[in-house]
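Structure, as C-alpha cells:
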Amino acid sequence: MTLTRRHLFATAVGGLAASLLLVGSLAFAQDRVQAGIVVKIGGIPWFNAMEQGIKQQADADGIEAWMVGPTQADAAQQVRAIEDLIARDVDVIGIVPNDAAALAPVLGRAREAGIKVIAHEGPDLQNIDWDFEMTTVEDYGRAHMDLLAKEMGEQGKYIVYVGSLTVPLHNAWADAAIAYQKEKYPNMEMVG
Numbered sequence: 265m266t267l268t269r270r271h272l273f274a275t276a277v278g279g280l281a282a283s284l285l286l287v288g289s290l291a292f293a294q295d296r297v298q299a300g301i302v303v304k305i306g307g308i309p310w311f312n313a314m315e316q317g318i319k320q321q322a323d324a325d326g327i328e329a330w331m332v333g334p335t336q337a338d339a340a341q342q343v344r345a346i347e348d349l350i351a352r353d354v355d356v357i358g359i360v361p362n363d364a365a366a367l368a369p370v371l372g373r374a375r376e377a378g379i380k381v382i383a384h385e386g387p388d389l390q391n392i393d394w395d396f397e398m399t400t401v402e403d404y405g406r407a408h409m410d411l412l413a414k415e416m417g418e419q420g421k422y423i424v425y426v427g428s429l430t431v432p433l434h435n436a437w438a439d440a441a442i443a444y445q446k447e448k449y450p451n452m453e454m455v456g
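Quick note on numbering: the sequence shown equals residues 265 to 456 in our numbering.
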C-alpha cells in the first residue's frame, strides 16, 4: 500500500476522532466530558488541522475538547500544560509527546488523579491508558524507505533527520526505515 501524506493525516485525525468517541462514551457525573489535548507545538499547519478535527468531533460527540501546544517544541512546556489540565480536573488528557521520559511523571500524576490519558506518537510512552497510531512503525519505515529508494534508483548516500531526537515515534520510524534499507537496499548508505 502506498502511503501518502493525505492518507497518513486522515488516518491520524481519524484515530483522534475515534479516541474522542471513546471518551464521549464514558459516563461521568458532570454534564460534559472535558478533554484537553497537548500537542508538540502549536500554530503549525499539521496541528492546526488536528485542532479543527478535535473541535469538529467534540461538537459531534457533545463533549468539550480543546488543544493546547507550546510555542516551541519543548517538553517542559508540555509538562506545564498537563499540570494545568490536572488542576482543571479534566476527564481526559490527550498527548503528542516531545519527550517521553520527561512526560512520564506528570502523566502518572494525571492518572493518579483519575484522568484518562490518551497518547498519539508515543508508542512506548509510560503512564497512559491508550496509545493510537496511524500505522505500524515497521510499515511506515518500509514505505518511507521504498519511496526514498525509488527516487534514488536504489543506490547512493542519504541522511536521516527527525523532528527531534526526543520524539519517540519519529525516531522509531527512522530506525525501522534504516533497518529495512540495510536488508533490502544494500547499495544505499546512510551517512548521517
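Note that CB positions come from ideal geometry on N, CA and C, so glycine has one too.
As the structure is a prediction and not an experimental result, all values here were calculated from the model.
| Check | Outcome |
| --- | --- |
| Counterpart residues of Asp439 in DSSP-defined beta bridges | Note: Asp439 sits in no beta bridge, so no partner. |
| Environment of Gln342 [buried if 16+ CB atoms lie within 10 Å] | buried |
| For Asp395 and Ile382, the rounded distance between their alpha carbons | 6 Å |
| Lys380, buried or exposed, once every other Cβ within 10 Å from all chains shown has been counted against 16 | buried |
| Beta-carbon proximity of Val360 to Lys304, cut-off 8 Å | yes |
| Euclidean distance between Cα positions of Val370 and Ile357 | 11 Å |
| CB of Met416 within 8 Å of CB of Gln445, strictly | no |
| Opposing strand residues paired with Phe396 [DSSP bridges] | His384 |
| Simplified DSSP assignment, three categories, for Tyr404 | helix |
| For Phe292, the three-state DSSP class (helix, strand or coil) | Its pLDDT being 44, under 50, Phe292 is placed unreliably by the model, and the measurement read from it follows with that caveat. Phe292 falls in the coil class under three-state DSSP. |
| Under the three-state DSSP convention, the category Val302 falls into | strand |
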